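Structure first, then comments.
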Amino acid sequence: MDLRNQVYNWTVDDVIEWLVEDVDLPQYSHTFHNLAIDGSVLPRLVNSTGPLLVSLGIRNPVHKQKLSLKAMDTVLFGAPKKIHSYIKDVMLFMAVLLAIGISWLACVHHRYSQTQVKKMMKDLESLQKAEDALKKLSKELADAERNQVSMPHDKQEELRLFRHNSLCLKVSRVNNGEKSPSSLSREGSTYRRQEGEKKLKQAEEELAMLREALSEAENRLEVQQQLESQWSVPGELQVWLQLTHELEQVHYNAKRQAAERQLLAARDGC
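In structure tokens form, the structure reads like this:
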């Protein structure tokens, strides 16, 4: 009795839900809604030849029989129990896990792509710095070669002037040193002779120091000229420098192209 009372208390929406899910005749739901078929009308649906089914527009005898049997079962035994579908729950759970896994993989891939892009940018910056250093080295090499061409003439002119000035100074010091003792000896003064000898000795010491400095300077200039003469043979060295420059340029271009390809691949992966 309680089950039947529950069915009798159904609303129009409850009857339409029963018609769609339990009876499986959704094509008549619009008619049930228009005629306001609720739970109190369900016992009248038991009679398959009754006027109610005719007013509902159900002409198919199979549909009439099906609706009549379902209505009888519902009126006698109450509303059908809803069976909980564990399969749907499992499928829903698997779908949620799959969505979470796909989201996690997308996030990991995005982070990896960002890391690769940053690495490629650092490599490009390093390559740019290497290119700038290579250009600077090439410029310094060219400047050194130009200076090498003009250096020997300047050094020779400087050495010639230095030797000329040193020779003039040497002659002047010798003449001044010899004049003082000879004039003092002719005067016959012991004091002046001693004074002249002291000045002569001082002049000789200065002359010796000057000769030593001149000799050291000449040796230094000769060593420098020998080094410059060795350096001034740029033929083979220039070939090796040019070869090194070309190899560095090829290596740099290869690294740059590889970095650009990796950067494009990382951007496409994003």
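FYI, in my numbering the residues of the sequence shown are 36 to 305.
Idealized CB from N, CA, C, for every residue including glycine.
Given the structure is predicted, the values throughout are model-derived calculations rather than measurements.
Would DSSP call residue i helix, strand or coil?
{"i": "Ile93", "result": "coil"}
{"i": "Val58", "result": "coil"}
{"i": "Lys214", "result": "Because the pLDDT of Lys214 is 47, which lies under 50, any placement of that residue in the model is unreliable, and the question is left without a value."}
{"i": "Val47", "result": "helix"}
{"i": "Thr84", "result": "coil"}
{"i": "Leu127", "result": "helix"}
{"i": "Leu70", "result": "coil"}
{"i": "Ala114", "result": "coil"}
{"i": "His286", "result": "helix"}
{"i": "Val143", "result": "helix"}
{"i": "Val42", "result": "helix"}
{"i": "Arg221", "result": "For Arg221, the predicted model reports a pLDDT of 49, less than 50, meaning its position is unreliable and no value from the coordinates is stated."}
Out of the options, state which residue places its alpha-carbon closest to the alpha-carbon of residue i.
{"i": "Lys174", "options": "Tyr147, Leu91, Leu88, Gln277", "result": "Gln277"}
{"i": "Tyr296", "options": "Ser90, Gln151, Leu54", "result": "For the sequence presented, residue 296 should be read as Arg rather than Tyr. Arg296 has its Cα closest to that of Gln151, out of Ser90, Gln151, Leu54."}
{"i": "Lys101", "options": "Asn82, Phe128, Arg302", "result": "Asn82"}
{"i": "Thr279", "options": "Leu169, Asp108, Lys236", "result": "Leu169"}
{"i": "Met107", "options": "Leu298, Tyr43, Gln284, Val285", "result": "Tyr43"}
{"i": "Trp45", "options": "Ala114, Val58, Val285", "result": "Ala114"}
{"i": "Leu60", "options": "Leu127, Asn69, Val97", "result": "Val97"}
{"i": "Ile93", "options": "His145, Tyr63, Glu281", "result": "Tyr63"}
{"i": "Arg57", "options": "Ser250, Lys105, Ser138", "result": "Position check: residue 57 holds Asp in this sequence, whereas Arg was assumed. The candidate whose alpha carbon is nearest that of Asp57 is Lys105."}
{"i": "Val285", "options": "Ala301, Glu166, Glu253, Val131", "result": "Glu166"}
{"i": "Phe112", "options": "Leu298, Gln41, Glu253, Glu281", "result": "Gln41"}
{"i": "Lys164", "options": "Phe128, Leu298, Tyr287", "result": "Tyr287"}
{"i": "Thr109", "options": "Cys142, Trp53, Val143, Leu176", "result": "Trp53"}
{"i": "Asn103", "options": "Glu247, Lys123, Leu80", "result": "It is Ser, not Asn, that sits at residue 103 in the sequence shown. It is Leu80 whose Cα lies nearest to the Cα of Ser103."}
{"i": "Ala301", "options": "Glu240, Leu176, His144, Val55", "result": "His144"}
{"i": "Asp303", "options": "His68, Gly85, Tyr147", "result": "Tyr147"}
Counting beta carbon pairs with one atom in the region 285 to 301 and one in the region 155 to 163, are three or more of them shorter than 8 Å? yes
How do the region 42 to 54 and the region 67 to 77 stand: do at least 3 beta-carbon pairs fall below 8 Å, yes or no? Judged by pairs of C-beta atoms under 8 Å, the region 42 to 54 touches the region 67 to 77, as three or more such pairs exist.
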